[in-house]
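>
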Amino acid sequence: MSLPLFPLNTVLFPDCILDLQIFEARYLDMIGRCMKQGSGFGVVCILEGAETGVAAPGYAQVGCEALITDFHQQDNGLLGIRVKGGRRFRVLGSEVQKDQLVVAQVRWLDEAAEQPLKEDDADLVALLKALAEHPMVEALDMGVEAAGQQSLANQLAYLLPFSELDKIDLLQLDDPQQRLDAIQLLLDELQGELFA
1 MSLPLFPLNT VLFPDCILDL QIFEARYLDM IGRCMKQGSG FGVVCILEGA ETGVAAPGYA
61 QVGCEALITD FHQQDNGLLG IRVKGGRRFR VLGSEVQKDQ LVVAQVRWLD EAAEQPLKED
121 DADLVALLKA LAEHPMVEAL DMGVEAAGQQ SLANQLAYLL PFSELDKIDL LQLDDPQQRL
181 DAIQLLLDEL QGELFA
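Residue numbers (UniProt numbering): 1 to 196.
Spelled out as structure tokens, the structure:
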């Protein structure tokens with residue numbers, strides 16, 4: 001499966017919302033094609049290089065499909081789009097086109113079936129509810145009711161202030177329970193640093 005990539009300094013998770021400002025010709029063209037075809041593009045986290053200019057030489061080999069849900073012209077004249085995370089994928093190979101757009105061959109990753117929330121998840125559910133009250137999170141309009149463990153894990157991994165490398169590790173985990181356990185460990189580490 002061929003997928004145009006948009007390397008960013010962020011990690012997108014399934015069913016999470018990301019607002020982007022588009023101004024480079026390669027991405028304006030890509031967005032136009034995606035909207036005509038009703039298809040998405042891939043968001044991968046940059047490990048080396050920059051978001052603008054020449055194609056980033058280093059990025060995560062696991063990413064998330066971005067599906068355009070809304071677009072508008074911003075006050076500054078640039079194109080603003082809102083995307084929703086779709087399926088996770090692994091990059092099998094890629095090439096940089098003349099316009100510096102990266103097009104990758106990807107394999108979709110299997111998603112575990114949504115599992116019901118457990119009693120042990122109560123603290124993480126409460127944390128998600130607290131995050132939902134933050135104005136920046138509220139503006140994303142994600143609807144932060146966790147439908148189950150997968151939904152809870154994706155939203156927390158996306159919204160919490162973990163490092164990009166930690167978020168990439170979380171995105172690679174297939175099992176929602178493993179992802180929630182890993183989030184809890186990262187939270188414990190964050191708390192340890194706060195009270196050290």
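C-beta atoms are modelled at their ideal positions from N, C-alpha and C, and glycine is treated no differently.
Since the model is a prediction, treat every value here as computed from it, not as a measurement.
Just the Cα atoms here: how many angstroms apart are D29 and R87?
Computed Cα separation, rounded: 22 Å.
> If I measure Cβ to Cβ from I46 and keep anything under 6 Å in the same chain, skipping five residues before and after, which residues do I get?
Taken in chain order, the residues that qualify are P7, N9, A56, Y59.
> Would you please state the rounded distance, in angstroms, between the beta carbons of F23 and Y158? I believe it to be under 8 Å.
Not confirmed; about 24 Å, so no contact.
> Going straight from the alpha carbon of E189 to that of D169, what length do you get?
Distance between the alpha carbons of E189 and D169: 15 Å.
> By the DSSP assignment, the alpha helix (DSSP H) with C16 in it spans what residues?
Careful: C16 lies outside any alpha helix (DSSP H) and carries neither H nor E.
> Tell me the DSSP secondary structure of K36 in three-state form.
Three-state result, K36: helix.
> Any idea if G192 is buried or exposed, counting beta-carbon neighbours within 10 angstroms, 16 or more meaning buried?
It counts as exposed.
> On the CB-based measure, 16 or more other CB atoms within 10 Å of its CB, does K84 come out buried or exposed?
Buried.
> On the CB-based measure, 16 or more other CB atoms within 10 Å of its CB, does F195 come out buried or exposed?
Counting Cβ neighbours within 10 Å, F195 comes out exposed, since fewer than 16 surround it.
> Just how far apart, CA to CA, sit V44 and K118?
Near 31 Å, if we compare the C-alpha coordinates of K118 and V44.
> Could you give the C-beta distance for Q150 and A112, rounded to a whole number, given that I count them as a contact under 8 Å?
At roughly 7 Å, the Cβ-Cβ gap stays under 8 Å, so Q150 and A112 are in contact.
> List the DSSP bridge partners of V83.
V83 is bridged to L18, I68.
> Tell me whether the beta-carbon of L156 lies closer than 8 Å to the beta-carbon of L109.
The answer is no: Cβ separation not under 8 Å.
> Spatial neighbours of S94 within its chain, please: CB distance less than 8 Å, with the 5 preceding and 5 following residues excluded, ordered by chain position.
Hits under 8 Å: L5, V102, V103, A104, Q105.
> Taking DSSP's pairing of strands, which residues face S94 in a bridge?
A104, per the DSSP bridge assignment.
> What do you get for R179, buried or exposed, if any count of 16 or more other CB atoms within 10 angstroms of its CB means buried?
Buried, by the Cβ-count rule.
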